[in-house]
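What follows is a set of notes on a single structure, which appears directly below.
Number of protein chains: 2
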Amino acid sequence: MRPSAKKIASVLRQKGHKLTAQRRAVINVVVNSGEHLAPAALYERVRRAHPAIGLVTVYRTLEMLHELGLICRVHRGEKHGYTLAPSGHHHHLVCTECGIVADFTDCDLEVLQQRLSQQTGFKIEGHLLQFLGYCRDCQGGT
Amino acid sequence: MRPSAKKIASVLRQKGHKLTAQRRAVINVVVNSGEHLAPAALYERVRRAHPAIGLVTVYRTLEMLHELGLICRVHRGEKHGYTLAPSGHHHHLVCTECGIVADFTDCDLEVLQQRLSQQTGFKIEGHLLQFLGYCRDCQGGT
DNA sequence: CTAACTGCAAATAATTTGCAGCCGT
DNA sequence: ACGGCTGCAAATTATTTGCAGTTAG
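So, in structure tokens, the structure goes:
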């Protein structure tokens, strides 16, 4: 399950972070968007609810949420952004057109990883897997 | 197979690009390194053979080689760099410590891709897969 | 010869940091 | 009250672009 704004807020408190109006605003935007938003885009949306917020605060809030494992980064072409983190191991399917994100958890890379590890002698720590494409709504026009 | 410097040079000619001393120097460094090098690191090495080269030229040469499909980008943590592109579909196993890269071609993601496509309605165009870990030589120390 | 190429310096773009004042707990 | 948080402006870092001189083909 993807966490709710309340859930996120409570984690912040538990970890000793203050729950300010700015942070609430950022959290709300992230939660109410299925898209993966770049800091700048997120900033624009947050300003609607909280016009005085600074871009710097958005950056700092995102970094904090990321460190707490509440949100994660996704790649979209050369750009990148943040989206809510469902609990546990997972990956993303990102629409390069609108940025919407779908999660999936079954990546079945264990076997491949095992073999690669043996063949190369690498001690594999993790993997980066993401699909790119066009979501249902973006398949028509350009 | 990974392309040789000669192979790359001949492709440049075929495509109507000029083969300058600077380009040769960049190509040689990329070819003689199994690592994935960031533009700045590559620049340092290229200077040994060609001290007067500008960083800008390195960027432009890398971009050109990338467009021709002769080299490809890899991700290493938050950073990124370039490495030789073996022909055909492939992926990388990157050592986060020293940056050395191993290639592999069999990713078996077709089945997963098919299912995701059906489940989400996405028209999947491609995927991003890369393993991160420590190579044989970097597993000991930090 | 001539268009492509090069290097410099300046321009962008994205993100980080120093700092003084503000505010959640 | 106090330490964390905020916003501004300046600093960084990575990459791109304008331009005049250079050079491969």
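Chains A and B, in that order, give the protein sequences.
Its first residue numbered 1, the first sequence is counted upward by one per residue in my numbering.
Its first residue numbered 143, the second sequence is counted upward by one per residue in my numbering.
Positions of the beta carbon are idealized from the N, C-alpha and C atoms, including for glycine.
Computed from a predicted structure; not experimentally measured.
First through last residue of the beta strand (DSSP E) which encompasses residue i
{"i": "residue 274/B", "result": "265 to 276"}
{"i": "residue 251/B", "result": "Counting along the chain, residue 251/B falls outside any beta strand (DSSP E), and DSSP gives it neither H nor E."}
{"i": "residue 102/A", "result": "101 to 104"}
{"i": "residue 235/B", "result": "233 to 237"}
{"i": "residue 75/A", "result": "71 to 76"}
Test: residue i CB closer than 8 Å to a CB of chain A
{"i": "residue 225/B", "result": "no"}
{"i": "residue 247/B", "result": "no"}
{"i": "residue 269/B", "result": "yes"}
{"i": "residue 265/B", "result": "yes"}
Limits of the alpha helix (DSSP H) - the one that residue i falls within
{"i": "residue 208/B", "result": "197 to 209"}
{"i": "residue 2/A", "result": "That residue, residue 2/A, is in no alpha helix (DSSP H); it is neither H nor E in DSSP."}
{"i": "residue 321/B", "result": "This structure gives no information on residue 321/B, because the portion of chain B shown stretches from 143 to 284."}
{"i": "residue 41/A", "result": "39 to 49"}
Chain B within 8 Å of residue i, Cβ atoms only
{"i": "residue 60/A", "result": "no"}
{"i": "residue 34/A", "result": "no"}
{"i": "residue 102/A", "result": "yes"}
{"i": "residue 8/A", "result": "no"}
{"i": "residue 1/A", "result": "no"}
{"i": "residue 98/A", "result": "no"}
{"i": "residue 68/A", "result": "no"}
Residue i to residue j span [Cα, whole Å]
{"i": "residue 254/B", "j": "residue 46/A", "result": "36 Å"}
{"i": "residue 142/A", "j": "residue 37/A", "result": "Only weak support exists for where residue 142/A lies, its pLDDT of 49 falling under 50; the value from the coordinates is given anyway. Cα to Cα, residue 142/A sits roughly 20 Å from residue 37/A."}
Candidates the options, of which the one nearest residue i by Cα
{"i": "residue 239/B", "options": "122/A, 105/A and 100/A", "result": "122/A"}
{"i": "residue 181/B", "options": "215/B, 174/B, 228/B and 153/B", "result": "215/B"}
{"i": "residue 202/B", "options": "245/B, 169/B and 250/B", "result": "169/B"}
Cβ neighbour criterion (16 or more within 10 Å) applied to residue i
{"i": "residue 19/A", "result": "exposed"}
{"i": "residue 23/A", "result": "buried"}
{"i": "residue 105/A", "result": "exposed"}
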